[in-house]
Each structure stands twice: as C-alpha cells, then as structure tokens.
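The C-terminal position of the sequence shown is numbered 93 in the UniProt record's numbering, with every residue numbered one higher than the one before it.
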Amino acid sequence: MRGQRTTDEGISPFRMGLHVVRAGAAVVLVFVVARAAYYPIWAAGASREQLDASWGGPNPFGATLAHWLVAALIGAVCLGLVAVSTRLLRRRT
1 MRGQRTTDEG
11 ISPFRMGLHV
21 VRAGAAVVLV
31 FVVARAAYYP
41 IWAAGASREQ
51 LDASWGGPNP
61 FGATLAHWLV
71 AALIGAVCLG
81 LVAVSTRLLR
91 RRT
C-alpha cells in the first residue's frame, strides 16, 4: 500500500479500524433485531407499572411501536455503517 503506514501484519490502521467498525455495527444490529423480536412478548405480559416506565407506555401496543421505531432507526444506522465500511474496504488504494 503506497503512502500508508502499516502494522507488522501489513494492514493499515485505517483498514483495521474499518473492520472494527463493521464488526461492531453487525453485533449491535444482531442485538437490536433480537430485542425488537422479543419486546412484544415481554410487553404482552408486563404489568401497567412496567409499561408506564417504558417508551410509548402504558399501552402494550404503543410501547411496542415506540421500541420498533427506535430499533428501525438504530438498525438503519448500523446497516449504513456496514455498507460504508465494506465499500471503503473494497477500494483499492
């Protein structure tokens, strides 16, 4: 790689950072999807006090919609990070 510092393994710190960002975004995405899938099950059995403390409560339907909206926003950001970092890693410099 011309003009870039490399580590002992031959990978530039920038590329290593992109790998870390991509892996971190993928892990966050897995947890967000799992939580979004589990939340309606939890909300159906939650008490009114628990739902009052939840986003979108005290209605289980409203709380589920609020959590799904947040999950969709976080998921979109994570997918964007994965796509951008993958594209930058595929560039030949």
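Every residue, glycine too, gets a C-beta built ideally from N, C-alpha and C. Values in this document were obtained by computation on a predicted structure and should not be read as measured data.
| query | Assuming Gly80 contacts Leu29 under a Cβ cut-off of 8 Å, what Cβ separation, rounded to an integer in Å, is found between them? | reply | At roughly 11 Å, the Cβ-Cβ gap does not stay under 8 Å, so Gly80 and Leu29 are not in contact.
| message | Just to check my reading of the structure: Ala43 and Leu51 have Cβ atoms closer than 8 Å, yes? What is that Cβ distance to the nearest angstrom? | response | 7 Å
| task | Between the Cα of Pro58 and those of Thr64, Arg48, Tyr39 and Ala34, spot the shortest distance and give me the residue it belongs to. | result | Arg48
| request: Go through the region 33-74 residue by residue and report every complete run of the alpha helix (DSSP H) that reaches 4 residues or more, in order. | output: 48-52
| Going by the CB atoms, is the gap between Ala66 and Ala36 shorter than 7 Å? | no
| query | Does the beta-carbon distance from Ala25 to Val82 come in below 7 Å? | reply | yes
| C-alpha distance - Phe61 paired with Cys78, whole-angstrom precision | 25 Å
| message | For Tyr39, count the other beta carbons within 10 Å of its own beta carbon; 16 or more makes it buried, fewer makes it exposed. Which is it? | response | buried
| query | Do you know how far the Cα of Phe31 is from the Cα of Ile12? | reply | As written in the sequence, residue 12 is Ser, which differs from the Ile given in the question. The alpha-carbon atoms of Ser12 and Phe31 are separated by roughly 29 Å.
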